[in-house]
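What follows is one structure encoded as structure tokens, with my remarks underneath.
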Amino acid sequence: MSPLLEVTDLVVRYGDHVAVDRVSFTVGEGETLALIGESGCGKSSTALAALALRRPESGSVRFAGQELTGLHEKLLRPLRARFQPVFQDPYGSLGPRTTIGDAIAEPLRVHRRPLAGRVAELMDLVGLDASHADRLPHELSGGQCQRAGIARALALGPQLLVLDEPVSALDPSVRAGILNLLTELQERLGLSYLFICHDMALVRHTAHRVAVMADGRIVETSTVRELFTNPQHPYTRELLDTEAEATP
Amino acid sequence: MKDQLKRPALRAGLARAVALAAVLATVGLLPWLSGRDPALTVLRARSAEQEPTAEALDAIRADLGLDAGPLGLIGDWAGGLVRGDLGTSWVSGADVLPSVRAGLGVSLTLMGASLVVALLVAAALCARTLVRGARGTLRGGGGAAGAMLVAIPEFLLATVLLIVLGVWWRLLPVSGWQGPEHLVLPALAMGIPAGGLLGRLVDDALPAVFRERWTDVWRASGVSPARIVAAALRRALPALIPQLGLVVVGLTGGAVAVETIFAIPGLGRTALGAAKSQDLPLLQGSVLALLLLALTAGACAAFVRGRLLGSGLKDAALALPPPVPGRGRAVVPIGLGVVLASAIGWGLLKDPYTVHTGARLAGPSLAHPLGSDGLGRDVLARLGHGAASTVGVALAVCVASYLIALAIGFLPNASAGVSDIANALPPVVVGVLIAALTGPSTLGASLAVALVSWPPLAAHAAALVRETRASAHLTAQRAIGASRGWILTRHVLPAVAGPVARHAVLRLPGVALALAALGFLGLGAQPPSPEWGLLLDESRLYVERAPLAALAPAVALALLAGLAVTLAGLRQRTRTRMRTRTRWSRAGAGAGAGAGAGAGADRAVVVGVER
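These protein sequence lines map, in sequence, to chains D and H.
Everything in the first sequence is counted per the working numbering, starting at -1 for the first residue and increasing by one.
Everything in the second sequence is counted per the working numbering, starting at 14 for the first residue and increasing by one.
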């Protein structure tokens, strides 16, 4: 069976700077692939290119067998319903003047899907109280905002979520709640995740496979168990060591 | 990335060059566009005795090169420009370049001094907000002091300063350009209103910044108030820098009246004089200098703004501030509105044209509540009837400018060039050009003000559009597959329309003032029409004997300004889409109530949600 998301030889450049250098990976159905690396290593650029939000210099991004690079935005739009992002900054990614309920309903309106009961259902699904629907983002906590962001991403019934550091901006007590929610949603809806983060500790319990990224390249890809017991690349070992120091 | 940066800059540069050429060509074509022959004017200017015979006029036409036709004249001028030769004045026969250079030097000095005054005034106006914001005790926003300063017409302030400090107290010289002491009065007259506007804009932007989370974080971690203030200013300034550029340019425009009143040989007065005497080479030279000055100011503003925003603008990584709940006390604007409306209404009941030679310059009485003017006409009646031509026309101009600004704001690169050019032309100079084309009239004056009043709004709109487009949540919009039209109408437009509308309301007194200034200089409404600028001009002559006649239109303008500012500060609607919100609310509640409920049930749910 072919993977849901297949990225091959992806190159993203900002002027003379090569942010992503011939990166290849796949995400299977119902699978979580963690893309890990320190900030500035090209993770987020990879995510944007995988979401067809940034045109790559070269390489291919295939979603369910369909090539996305070079596809006209008009043809991309119906496909976008099937892969959705969750961003790092829960406040920044929701419009400051749009209520939570409107923000969750917006994808449905954009794609002219029926709304009836859907917003309340989605809010319930991510554990948000229905009374929060007419609040503005800055009136909610970071965790609640991130739940709203997840509800919005789920509105169109996607198969893949690209989670770009979804819990990095949250404090540790809220973090666990969001991670549990994501795991639970994956089991219930059979979602695939491309989980981008810089924290080895998060990867251990949430991911199936891990790709380690450094300086725009993927230096190692393996299963979680293998990575933690038998890291191959020196950079991976370094990451694991810092994590061991941080969590005594 | 370098290419991405260069291309818009190139386009903006091109737009500026094209607009510059278009304006200069218009000036060059003026005699043919207006259908009036400059030969006669030039003949009169050169010698009063000579008869305007056909031969004499032909000789002058040949001398000026007018017989070569419009294209030949423009071609000659452009050729000279390349060689650094701006031609010779038709009236005085002197070289244009030295007079333009001298005027530019004077104007730059005056602008610099006025800018210092403006910055001091602006700093004084925002001090309270800054201090309270840094301490975390900010409630509400700035008062109406700034608005009142903006509302003082430069020409009126200049007159008052001249009378009080120059004539009564003899502290400072009242005319000429000989030393630094000659700089004080004009700089105060120009700098105080400009500082009022700047301070008002900064003071308006600061509360939103102080509501951002980082200020709490900084305060909690013991960062000094001074550093918080510096950071808050740095956060608020990028959106306002273009306004600063426009204020700098606008100072040259405001200078025309001030330079005239104080008899200062600046660029504005040179252009005004040249236009009045149809001295085309001198007009072209001074307009070129004015435009170059404006383009430089605009380019500097764009550069500084780019440096302040840094790479956040390109990477779509800016977080937008949440909407600021207004300081909604409707009492003040309603009160001001009632006072203004009842004065105007009362005046409308009286006759503004009846001359009572027996009751000249009378004090207030029951028959004439505000006294009478130099011809014995009722001041209140003239004020009331003048409101229609001043406030009504200003309102229409503001609405038109707002719509133009929104349309142009979405094309930031084109707008930068066009609006720099439009703003480089002071309303007075545009008024002169239009008066030269159509003759002085209310319509001409309003057209002139409309032509130059949209650029500040367009610059504001363009800055907001850029910042909104660069925000992270628009990336999220694209990710859900929203089309450009959807993003524009649902997210960018609401973020831009509100603030620019408040700005437009804030500009209403300024537009009324520009109209009044044109009337004051005799370029707009003509006597005996009771236009407010004309009222000020007429009453200026006897301000010592009948101060009420001069005070009434000035107070009316100040009331208008207070009304505009308090209106603009009213609570804005924070939730942008009320109608659609009720739709899903109903669906959410529909689980219990039945989704197909009738209209009555809908209403009930709406009420429940709105509560």
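The beta carbon of each residue, even a glycine, is placed where N, CA and C say it ideally should be.
Span of the alpha helix (DSSP H) holding L31 of chain D? No alpha helix (DSSP H) contains L31 of chain D, which is instead part of the beta strand (DSSP E) from 30 to 34.
Using CA coordinates, which residue listed in D:I216, D:A242, D:E243 is at the minimum distance from Q230 of chain D? D:I216
Distance, G68 of chain D Cα to L25 of chain D Cα: The residue asked about is misnamed: residue 25 of chain D is Val in this sequence, not Leu. Those two C-alpha atoms are separated by around 21 angstroms.
8 angstroms is my cut-off, CB to CB: does V108 of chain D come that close to chain H? Interface residue, yes.
In terms of alpha-carbon separation, which member of H:A489, H:H486, H:G535, H:L121 lies closest to A458 of chain H? H:G535
On the three-state DSSP scale, how would you describe H15 of chain D? strand
Tell me where the beta strand (DSSP E) around L194 of chain D begins and ends. Note on residue identity: the sequence assigns Ile, not Leu, to residue 194 of chain D. Per DSSP, I194 of chain D belongs to the beta strand (DSSP E) from 190 to 195.
Which whole runs of the alpha helix (DSSP H) in the segment 61 to 87 of chain D are 4 residues long or more, in chain order? 71 to 78
Helix, strand or coil for G57 of chain D per DSSP? If DSSP states are grouped into helix, strand and coil, G57 of chain D belongs with the strands.
I think A58 of chain H touches V130 of chain H, with their Cβ atoms under 8 angstroms apart; what is that distance to the nearest whole Å? Going by Cβ atoms, the distance from A58 of chain H to V130 of chain H rounds to 37 angstroms, so no, they are not a contact pair.
Scan the segment 188 to 207 of chain D for residues whose Cβ lies nearer than 7 angstroms to a Cβ of chain H and list them as they occur along the chain. none
Any C-beta of chain H within less than 7 angstroms: which residues of the segment 86 to 102 of chain D qualify? D87, Y89, G90, S91, L92, G93, P94, R95, T96, T97, G99, D100
Grab me the residues of G189 of chain H's own chain with a C-beta within less than 7 angstroms of its C-beta, minus the 5 sequence neighbours each way, in chain order. H195, A276
I need the boundaries of the beta strand (DSSP E) containing L501 of chain H, first residue and last residue. First-last for L501 of chain H: undefined, no H or E at that position.
Contact set between the segment 56 to 84 of chain D and chain H, restricted to residues whose Cβ is under 9 angstroms from the partner: E71, K72, L74, R75, P76, L77, R78, A79, F81, Q82, P83
Could you check whether L374 of chain H and A559 of chain H sit closer than 8 angstroms to each other, using their CB atoms as the reference points? yes
Quick one: grab the DSSP three-state call for S42 of chain D. It is helical.
Among residues of its own chain, excluding the 5 on either side of D625 of chain H, which ones have a beta-carbon nearer than 7 angstroms to its beta-carbon? Residue 625 of chain H lies beyond the residue range present for chain H, which begins at 14 and ends at 624; the question has no answer from this structure.
Give every residue of the same chain whose Cβ lies closer than 7 angstroms to the Cβ of A413 of chain H, excluding the five residues on either side of it in the sequence, and list them in chain order. A463
Mind checking which residues open and close the beta strand (DSSP E) that includes L161 of chain D? 158 to 162
Could you confirm whether any beta carbon from chain H is found closer than 8 angstroms to the beta carbon of P164 of chain D? No, because no Cβ of chain H sits closer than 8 angstroms to the Cβ of P164 of chain D.
In angstroms, rounded to a whole number, what distance separates the CA positions of G212 of chain H and L322 of chain H? 21 angstroms
Classify R95 of chain D as helix, strand or coil using the three-state DSSP reduction. In the structure shown, R95 of chain D adopts coil according to DSSP, grouped into three states.
Comparing alpha-carbon positions, which option in H:R318, H:C411, H:T481 lies nearest L253 of chain H? H:R318
Pull up the distance between the alpha-carbon of G399 of chain H and that of L419 of chain H, whole angstroms please. Taking the straight line from one Cα to the other gives about 30 angstroms.
Would the beta-carbon of L296 of chain H fall within 8 angstroms of that of A307 of chain H? no
Interface partners of P507 of chain H on chain D, CB under 8 angstroms: R95
Residue from H:L506, H:V518, H:T172, H:D216 whose Cα sits closest to the Cα of P346 of chain H: H:V518
Hey, would you say V84 of chain D sits closer than 8 angstroms to D162 of chain D, going by beta carbons? With respect to the 8 angstroms criterion, V84 of chain D and D162 of chain D are classified as neighbours on the basis of their beta carbons.
Give, in chain order, every residue of the segment 489 to 505 of chain H whose Cβ lies closer than 9 angstroms to some Cβ of chain D. A489, Q490, R491, A492, I493, G494, A495, S496, R497, W499, R503, H504
In the DSSP assignment, find the alpha helix (DSSP H) that holds S459 of chain H and state where it starts and stops. 455 to 482
Look at the Cβ atom of D132 of chain D, then the Cβ atom of G155 of chain D, and state whether they are nearer than 8 angstroms. Taking 8 angstroms as the Cβ cut-off, D132 of chain D and G155 of chain D do not qualify as a contacting pair.
Under a CB-based cut-off of 8 angstroms, is R594 of chain H close to chain D? Any reading at R594 of chain H must be qualified, since the residue scores a pLDDT of 36, below 50, and its modelled position is unreliable; the value itself is stated next. True, the Cβ-Cβ gap to chain D drops below 8 angstroms.
Does the beta-carbon of P111 of chain H have 16 or more other beta-carbons within 10 angstroms, so that it is buried, or is it exposed? exposed
Separation of V404 of chain H from L349 of chain H, as counted between CA atoms: When the Cα atoms are used, L349 of chain H and V404 of chain H turn out to be separated by approximately 15 angstroms.
To the nearest angstrom, how far is it from the Cα of S171 of chain D to the Cα of Q144 of chain D? When rounded, the distance between both Cα atoms is 14 angstroms.
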